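Numbering (the numbering used here), first residue to last: 42 to 267.
What follows is one structure encoded as structure tokens, with my remarks underneath.
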């Protein structure tokens with residue numbers, strides 16, 4: 042899990058190719074084929090980054106970008122513009138509308154992936170970092186290992202994903218629904234009780250003697266790493 046990416050692009054073949062490769066890299070991906078629908082779905086999805094086509098069948102990518110920048114909840118959302126327009130004046134227009142980067146079609150996935158990592162590294166370094174740390178807790182994404190106070194902790198796959206999720210945004214309170222959508226994105230049958238069970242297992246695993254508890258239950262709201 043390396044964050045959530047939303048794609049607004051009217052060519053289904055491009056969406057399919059990009060989504061497949063991004064998911065292989067650990068991203069959670071959703072998409073839309075037009076601007077108006079994309080704006081609605083994006084705000085429900087809550088991505089860490091938007092890949093936005095310039096030429097859309099309804100709104101232009103420029104108009105979508107301006108709309109997003111007016112929304113206080115998404116005004117800082119990183120946006121990479123995808124377009125066949127390669128002239129300098131077009132790039133300037135795109136950047137002035139509020140996009141963070143610009144890539145011209147056709148592009149290779151390797152180039153796009155590098156651009157995504159660079160933008161995310163500036164906006165939220167935890168999303169693309171190999172190691173995540175908080176207090177005396179460390180998670181190694183490459184070797185899939187977790188340590189607390191230099192003592193290795195054994196976690197199951199679900200507990201590992203949960204901890205990774207919390208470590209990308211420590212101190213933020215997440216509702217059960219937000220946790221469900223990110224940690225179990227393809228499993229619509231997971232119940233709140235199941236989430237609570239895995240949170241309890243994670244708590245028990247990372248709590249060690251003479252160390253404070255790191256996962257807080259916030260009544261009527263959810264959970265937070267504090």
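Yeah, the Cβ is synthetic: ideal placement off N, Cα and C, and Gly gets one too.
From a predicted model like this one, the values you see are computed outputs, not experimental measurements.
Contact check for residue 153 and residue 238: beta-carbon distance about 38 Å, past the 8 Å limit, so the pair fails to qualify.
Apart from the 5 residues on each side of it in sequence, residue 101 sits with its Cβ closer than 8 Å to the Cβ of 76, 95 in its chain, given in chain order. Nearest to residue 233 by alpha-carbon distance, out of 261, 255, 188, is 261. Taken through DSSP and simplified to helix, strand or coil, residue 73 comes out as strand. If you draw a 10 Å sphere on the C-beta of residue 79, you find 16 or more other C-beta atoms in it, and that means buried. The closest CA to that of residue 142, considering only 150, 161, 151, 149, is found on 161. Note on residue 133: under 16 other CB atoms within 10 angstroms of its CB, so exposed under the neighbour-count rule.
Here residue 109 has 80, 83, 91, 115, 116, 118, 120, 139 as same chain residues with Cβ atoms under 8 Å from its own Cβ, once five neighbours each way along the sequence are excluded. Within the same chain, and ignoring the five residues on either side of residue 99 in sequence, the residues whose Cβ sits closer than 8 Å to its Cβ are 75, 76, 77. DSSP places residue 100 outside both helix and strand once states are collapsed to three, so it counts as coil.
Nearest Cα to residue 252 within the set 177, 258, 264: 177. Under the Cβ criterion (8 Å, minimum of three pairs), the segment 168-175 counts as touching the segment 204-215.
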